[in-house]
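To keep things clear, I will list the structure first and then write my remarks on it.
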Amino acid sequence: MSPHEVPHAFTAVDCQARPAELVNVLKRLAAEPFYGAYKKRLRELLQARPDGRYLDVGAGTGAGALALHTETGARAVGADSSLTMATAMKAAGLAHVVVADGHHLPFRDACLDGAWADRVLQHVADPEQVVDEMTRVVRPGGRIVLADPDYSTQVLDIEDQDLAGQVLRFRAEANLRNGTLAHRHAGMLAARTLADVTVEARTLVVRDPTAVDNVMGLRSWAHTAAARGYLDPTDADRFVAQFDQAVSTGRFTYAVTFFLTSGTKAAR
Numbered sequence: 623m624s625p626h627e628v629p630h631a632f633t634a635v636d637c638q639a640r641p642a643e644l645v646n647v648l649k650r651l652a653a654e655p656f657y658g659a660y661k662k663r664l665r666e667l668l669q670a671r672p673d674g675r676y677l678d679v680g681a682g683t684g685a686g687a688l689a690l691h692t693e694t695g696a697r698a699v700g701a702d703s704s705l706t707m708a709t710a711m712k713a714a715g716l717a718h719v720v721v722a723d724g725h726h727l728p729f730r731d732a733c734l735d736g737a738w739a740d741r742v743l744q745h746v747a748d749p750e751q752v753v754d755e756m757t758r759v760v761r762p763g764g765r766i767v768l769a770d771p772d773y774s775t776q777v778l779d780i781e782d783q784d785l786a787g788q789v790l791r792f793r794a795e796a797n798l799r800n801g802t803l804a805h806r807h808a809g810m811l812a813a814r815t816l817a818d819v820t821v822e823a824r825t826l827v828v829r830d831p832t833a834v835d836n837v838m839g840l841r842s843w844a845h846t847a848a849a850r851g852y853l854d855p856t857d858a859d860r861f862v863a864q865f866d867q868a869v870s871t872g873r874f875t876y877a878v879t880f881f882l883t884s885g886t887k888a889a890r
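What follows is the structure, given as structure tokens:
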């Protein structure tokens with residue numbers, strides 16, 4: 623990790639000072655209409671059967687796995703490397719929970735009917751290995767579904783667009799391990815000879831700065847960047863002032879595009 627890289631809290635949930643707060647962050651985001659809609663579409667792309675078994679890699683609170691079971695009757699397994707998240711899944715009523723790293727899934731080859739990873743690859747050390755593991759554990763004919771925002775698509779309307787770009791690049795390139803990978807997910811699935819690879823793009827547009835968990839903490843990104851030597855502290859102060867001005871004048875707009883990518887594992 624270079625001096626400018628700032629690890630995101632979700633890369634190591636259990637190491638945070640207040641890991642339970644990250645459970646609440648996921649719950650708040652899941653309550654947002656945009657998030658609820660794209661997550662429902664992810665589950666549809668799995669094409670789950672009532673008698674099937676599906677794995678949610680990096681399942682977080684387990685809400686997605688629970689919803690899949692409710693909607694389709696399928697058996698949903700939640701896997702997360704965080705004991706905090708696994709505990710939250712159990713508390714929410716998910717019957718099948720494992721504490722597991724996506725780089726080394728504790729399942730035999732071709733034992734699952736599908737697998738999905740929602741906002742996970744952006745955080746992992748080796749996304750290629752995680753996709754290899756997902757492909758390994760899914761049977762031929764099974765489905766693999768990926769979703770992440772691609773932070774190279776971010777836009778923010780404040781007065782100084784160069785400054786906005788610096789702060790948004792911090793989020794994309796320093797605060798996330800793989801913040802600009804999502805538009806390459808289709809190529810990753812194609813390289814593993816998956817068939818019927820499709821990509822859907824959904825753009826999150828935020829006009830209310832209190833929405834989407836305060837736009838994922840956007841107002842604080844500049845000072846976080848300054849604290850790590852990525853941005854001059856004076857520029858961080860200026861960013862916050864321009865952010866607040868954009869809000870007070872009704873100018874504020876932030877957007878980022880999510881890519882929903884799916885494919886079918888080829889038959890042997």
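With the working numbering applied, the sequence shown covers 623 to 890.
We put the beta carbon where it would ideally sit given N, CA and C, even for glycine.
Bear in mind the structure is a predicted one, so any value in this text is a computation, not a measurement.
_Tell me the DSSP secondary structure of Q776 in three-state form._
strand
*DSSP three-state call for L677: helix, strand or coil?*
strand
*Using only alpha-carbon positions, find the residue among F880, R697, A631 and V699 that is nearest to A659.*
F880
_Contact set for S624: own chain, Cβ-Cβ below 7 angstroms, skip 5 residues either direction_ = In this predicted model, S624 has a pLDDT of only 42, less than 50, meaning its place in the structure is not dependable; the value taken from the coordinates is given anyway. Nothing listed; no residue qualifies.
*Return the chain-ordered list of same chain residues with a C-beta closer than 8 angstroms to the C-beta of H725, the five sequence neighbours on each side being excluded.*
V746, A747, D748, Q751, V752 and E755
*Report yes if the CB atom of D779 is closer than 8 angstroms to the CB atom of F874, and no otherwise.*
yes
*What are the boundary residues of the alpha helix (DSSP H) that includes H805?*
H805 -> no alpha helix (DSSP H), and no H or E assigned at all.
*Straight-line Cα distance separating R640 from T825*: 30 angstroms
*Range covered by the beta strand (DSSP E) that runs through H718*: H718 to V721
_Reference G686; option with closest CA among S704, D854 and A714_ = A714
_Using a 10 Å radius around the Cβ and a threshold of 16 neighbouring Cβ atoms, would you call D735 buried or exposed?_
buried
*Please say whether V834 and L651 have beta carbons closer to each other than 8 angstroms?*
yes
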